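**Student:** Numbering of the sequence shown is given in UniProt numbering, commencing with residue 1 and proceeding in unit increments.
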Amino acid sequence: MKRSTDYFLSSHGGNLPRPADFDAKLAKYDDHKTEIAAELPGAVQWVVDKQIECGVDIVNDGEYVKAANGGAYTSYIAARTTGFDRRERPAGSTPKRAFVAERDKRDFPGFYESGLWFAGSGGPIRPGFAQPGGAMPDFGRYEAVCTGPVTYVGQADAAKDIAALKKALTHAGKTDADGFIAALGPLSTGAGTTNLHYKDERDYMFAVADAMREEYKAITDAGLNVQIDEPEFATSWMFYPDWSVEQYRTYLDFCVEIINHALRGLPEEQIRFHMCWGSGHRPHTNDIEFGHIADKLVQINAQAYSFEASNPRHAHEYHVFEDVKLPDGKIIVPGVVGHYTDLVEHPELVAERLVNFAKLVGMENVHAGTDCGIGSRVGHEEIVWAKLKAMSEGCRIAGKRMKG
Numbered sequence: 001m002k003r004s005t006d007y008f009l010s011s012h013g014g015n016l017p018r019p020a021d022f023d024a025k026l027a028k029y030d031d032h033k034t035e036i037a038a039e040l041p042g043a044v045q046w047v048v049d050k051q052i053e054c055g056v057d058i059v060n061d062g063e064y065v066k067a068a069n070g071g072a073y074t075s076y077i078a079a080r081t082t083g084f085d086r087r088e089r090p091a092g093s094t095p096k097r098a099f100v101a102e103r104d105k106r107d108f109p110g111f112y113e114s115g116l117w118f119a120g121s122g123g124p125i126r127p128g129f130a131q132p133g134g135a136m137p138d139f140g141r142y143e144a145v146c147t148g149p150v151t152y153v154g155q156a157d158a159a160k161d162i163a164a165l166k167k168a169l170t171h172a173g174k175t176d177a178d179g180f181i182a183a184l185g186p187l188s189t190g191a192g193t194t195n196l197h198y199k200d201e202r203d204y205m206f207a208v209a210d211a212m213r214e215e216y217k218a219i220t221d222a223g224l225n226v227q228i229d230e231p232e233f234a235t236s237w238m239f240y241p242d243w244s245v246e247q248y249r250t251y252l253d254f255c256v257e258i259i260n261h262a263l264r265g266l267p268e269e270q271i272r273f274h275m276c277w278g279s280g281h282r283p284h285t286n287d288i289e290f291g292h293i294a295d296k297l298v299q300i301n302a303q304a305y306s307f308e309a310s311n312p313r314h315a316h317e318y319h320v321f322e323d324v325k326l327p328d329g330k331i332i333v334p335g336v337v338g339h340y341t342d343l344v345e346h347p348e349l350v351a352e353r354l355v356n357f358a359k360l361v362g363m364e365n366v367h368a369g370t371d372c373g374i375g376s377r378v379g380h381e382e383i384v385w386a387k388l389k390a391m392s393e394g395c396r397i398a399g400k401r402m403k404g
């Protein structure tokens, strides 16, 4: 991945707004597959050009294919893997893990029962979830299950993603090294699924890692950077609400082993790892503290680490790097603008945040990023582009400040 001692490079979390016509087709993917395949290169060209116009240095394809049928960022992988199924939970059985914000739900029961937990500030209410004034959905009725060997069958789809981004980069005068494609991490792919096929959880998760490695390898073999999307590295703390910090840290040792198995043999300099505390608009008072997990994070065999750093629960945690040493050759990509509000960050604030990190780990080891994907969490696409422009301007201010 590129680095610089002259200025701060900028990137983002992945998800970006889509052209309106293309977005409408994606929402009904099964009805428009042929049209979407034909229009994907043009849509990717549009979003690459928009990023460059905003001053973003390391760009992506907007994660467009992951939006098919209105799906979450995890949904796309269902069509690219085998071995997974969904069933109604057997009577008397308990979920594999708790609600996505279980620790917060225990402290704020009225908030979650109100349905306001998903509306939040900034970003639309997605269909199928609780509306303000409504009850929470029944997340425990159905469960994902592994019923056979987990294999990767998405080679053709991944090739289309790669071709579209490479073509757009060439047209824009960028090199492959300036582009990245986000791919689902092994934890986010399989950790929430009940294993009904493999001997134990370890064998099961190693099989998931083997399958996902094929997507990562296809991206790096093409000369592009791959971002491993793994919010579960931090959000699993919510899934196991009765665990102590030490129990969670032990679990993260297993997670690091699984992730590194998925990355084995791949060029570290083309790998960026993204984790966050979940994009849900909720109190987040029970998020695991960054200081409890940062030393585990830097054991992952990636060159760059992307994480939330701008929102009110985590903006102070740059101090973690006073105690946690960033290994040589590594890069951090802290979020300096966020999805948590429609307010556009001032470039001076962006610069201040970058300088705080740079003073601790070195300017060449810091890229500017966003807390998470902002395409579907911010109220309107105009605000997304304004945030990216503010980030870019903040990079220039911070660079001048660091160079005196």
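Virtual Cβ for every residue (Gly too), placed ideally from N, Cα, C. This one's a predicted model, so the numbers in the text were calculated from it and none came from an experiment.
Looking at C-alpha atoms only, which residue of G110, H12, D104, I331 is the closest neighbour of G62?
**Tutor:** Out of G110, H12, D104, I331, H12 has the C-alpha closest to the C-alpha of G62.
**Student:** To the nearest angstrom, report how far apart A207 and L297 are at their CA atoms.
**Tutor:** So the two alpha carbons sit approximately 22 angstroms from each other.
**Student:** Alpha carbon to alpha carbon, how far is G335 from G369? Give it in angstroms, no decimals.
**Tutor:** Distance between the alpha carbons of G369 and G335 is about 4 angstroms.
**Student:** Counting along the chain, where does the alpha helix (DSSP H) carrying I293 start and finish?
**Tutor:** Segment 290 to 297, the alpha helix (DSSP H) holding I293.
**Student:** If we count Cβ pairs, one from each stretch, closer than 8 angstroms, do we get three or more for the region 37 to 48 versus the region 325 to 341?
**Tutor:** The region 37 to 48 is not in contact with the region 325 to 341.
**Student:** Which complete alpha helix (DSSP H) runs does the region 227 to 265 hold, if anything under 4 residues is left out?
**Tutor:** Counting whole runs of 4 or more residues, the region 227 to 265 contains the alpha helix (DSSP H) stretches 232 to 239, 245 to 263.
**Student:** For E88, list the residues DSSP reports as bridge partners.
**Tutor:** Note: E88 sits in a beta bridge opposite Y142.
**Student:** Over what stretch of residues does the beta strand (DSSP E) that includes L184 continue unbroken?
**Tutor:** Note, L184: beta strand (DSSP E), 179 to 184.
**Student:** Tell me which same chain residues have a C-beta within less than 6 angstroms of the C-beta of G122, skipping the five on either side of it?
**Tutor:** In this prediction, G122 scores a pLDDT of 44, lower than 50, which makes its location untrustworthy; no coordinate-derived value is stated.
**Student:** Given a cut-off of 8 angstroms on the beta-carbon distance, is the pair N225 and R272 in contact?
**Tutor:** Yes, Cβ-Cβ distance for N225 and R272 is below 8 angstroms.
**Student:** Closest to F84 by C-alpha separation, out of P149, P231, K25, would be which residue?
**Tutor:** For the residues P149, P231, K25, the minimum Cα distance to F84 belongs to P149.
**Student:** For the region 195 to 210 and the region 231 to 238, state whether three or more C-beta atom pairs, one from each stretch, are separated by less than 8 angstroms.
**Tutor:** The region 195 to 210 is not in contact with the region 231 to 238.
**Student:** Are the beta-carbon atoms belonging to Y318 and L360 less than 8 angstroms from one another?
**Tutor:** Contact flag set, yes.
**Student:** Are the CB atoms of S236 and Y251 within a distance shorter than 8 angstroms?
**Tutor:** Contact flag set, yes.
**Student:** According to DSSP, is Y198 helix, strand or coil?
**Tutor:** Looking at Y198 - three-state DSSP - the assignment turns out to be coil, as it is neither helix nor strand.
**Student:** Within the continuous alpha helix (DSSP H) that includes I52, where are the two ends?
**Tutor:** Here the alpha helix (DSSP H) through I52 covers 33 to 53.
**Student:** What is the rounded straight-line gap between the Cα of T175 and the Cα of F22?
**Tutor:** Computed Cα separation, rounded: 26 angstroms.
**Student:** What would DSSP say about N301, mapped onto helix, strand or coil?
**Tutor:** If DSSP states are grouped into helix, strand and coil, N301 belongs with coil.
**Student:** Which word fits P132, buried or exposed, when buried means at least 16 other C-beta atoms lie within 10 angstroms of its C-beta?
**Tutor:** At P132 the pLDDT is 47, less than 50, meaning the model places this residue with poor confidence; the figure from the coordinates comes in the next sentence. P132 should be labelled exposed.
**Student:** Pull the bridge partners of Y152 from the DSSP assignment, please.
**Tutor:** Answer by DSSP bridge pairing, in chain order: T81.
**Student:** Over what stretch of residues does the alpha helix (DSSP H) that includes V350 continue unbroken?
**Tutor:** 347 to 361 is the span of the alpha helix (DSSP H), which, as asked, contains V350.
**Student:** Taking the CB atoms as reference points, tell me whether N15 and Y73 lie closer together than 8 angstroms.
**Tutor:** Yes, they are a contact pair.
**Student:** Per DSSP, which one or two residues make a beta bridge with A368?
**Tutor:** Answer by DSSP bridge pairing, in chain order: S10.
**Student:** Counting C-beta neighbours from all protein chains within 10 Å, is the total for D104 16 or more, i.e. buried, or is it exposed?
**Tutor:** D104 comes out buried.
**Student:** In angstroms, rounded to a whole number, what distance separates the CA positions of Y240 and M1?
**Tutor:** Each residue's Cα considered, the two are about 35 angstroms apart.
**Student:** So, for F153: in the same chain, excluding its five sequence neighbours on each side, which residues have a beta-carbon less than 8 angstroms away from its beta-carbon?
**Tutor:** The sequence shown places Val at residue 153, not Phe. If we look at V153 and ignore the five residues flanking it on each side, its Cβ neighbours are R80, T81, T82.
**Student:** Starting from the Cα of V320, find the closest Cα among N356, Q270, V344 and give me that residue.
**Tutor:** Among N356, Q270, V344, the Cα nearest to that of V320 is on N356.
**Student:** Assign Y142 to one of two classes, buried (16 or more other C-beta atoms within 10 Å of its C-beta) or exposed (fewer than that).
**Tutor:** Y142 should be labelled exposed.
**Student:** Candidates A398, G185, T147, L40: which alpha carbon is nearest K199's?
**Tutor:** It is T147.
**Student:** Can you give me the start and stop residues for the alpha helix (DSSP H) that V333 sits inside?
**Tutor:** It is not in any alpha helix (DSSP H) - V333 instead sits in the beta strand (DSSP E) that spans 331 to 337.
**Student:** How many Å lie between E269 and Q303 at the Cα?
**Tutor:** Cα to Cα, the separation comes out at about 5 angstroms.
**Student:** Starting from the Cα of I52, find the closest Cα among R106, L169, L26, G185 and give me that residue.
**Tutor:** Taking only the C-alpha atoms, the option nearest I52 is L169.
**Student:** Given C395, which residues of its chain have a CB within under 6 angstroms of its CB, disregarding the five upstream and five downstream residues?
**Tutor:** Taken in chain order, the residues that qualify are F8, S10, A368.
**Student:** Whose C-alpha, out of N260, I293, G265, is nearest the C-alpha of C276?
**Tutor:** C276 has its Cα closest to that of I293, out of N260, I293, G265.
**Student:** Please confirm whether P41 and K166 have their CB atoms less than 8 angstroms apart.
**Tutor:** Not a contact, by the Cβ cut-off of 8 angstroms.
**Student:** Could you pull out every residue in the same chain whose Cβ sits closer than 6 angstroms to the Cβ of E345, ignoring the five residues on either side in sequence?
**Tutor:** Only V337, A390 meet the Cβ criterion.
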